[in-house]
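**Q**
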Amino acid sequence: MEKIASIVLFSLVLTLVSPILGVAFGALAGWLVGLVFSTEILGFLHRIGVDTEGLTMWQLGAALGFIGGYLKTTVHKKD
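Here the sequence shown stands for residues 154 to 232, where the numbers follow our numbering.
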């Protein structure tokens with residue numbers, strides 16, 4: 154029973170906390186990268202068809218961080 158409870162708790166933490174941390178770190182990384190490369194990255198996205206009107210780099214980083222929070226690989230080790 155203890156093992157099931159720990160698995161459920163781990164699953165909740167993974168599905169709730171990971172995307173929130175992904176958004177926070179993604180926004181920070183997007184802001185830092187945007188200090189130097191914002192026109193190049195947003196220009197590239199505009200050229201490939203992404204509407205970048207009103208989009209800032211921290212918003213782009215936060216969105217990618219949110220998506221990346223759900224796409225993490227989890228390694229399980231059998232004891």
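Note that the Cβ used here is the ideal one computed from N, Cα and C, for glycine as well.
1) Go to H199, then tell me how far its alpha helix (DSSP H) extends in each direction, as first and last residue.
2) So is A180 buried or exposed if we call it buried at 16+ other beta carbons inside 10 Å?
3) Would DSSP call L208 helix, strand or coil?
4) Quick one: what's got a C-beta closer than 7 Å to L208's C-beta in the same chain, skipping five residues either side?
5) Please state whether DSSP places L224 in a helix, a strand or coil.
**A** Answer, in terms of the structure:
1) Walking along the sequence shown from the start, residue 199 turns up at place 46. That run of the alpha helix (DSSP H) goes E155 to R200.
2) Residue mapping note: residue 180 aligns to position 27 of the sequence shown, counting from 1. It counts as buried.
3) Here residue 208 is taken as the residue at index 55 of the sequence shown, counted from 1. Coil at L208, not helix or strand.
4) Against the sequence shown, residue 208 aligns to sequence position 55. Counting only Cβ-Cβ distances below 7 Å, and skipping sequence neighbours, we find L195.
5) Your numbering for residue 224 matches position 71 in the sequence shown. L224 falls in the coil class under three-state DSSP.
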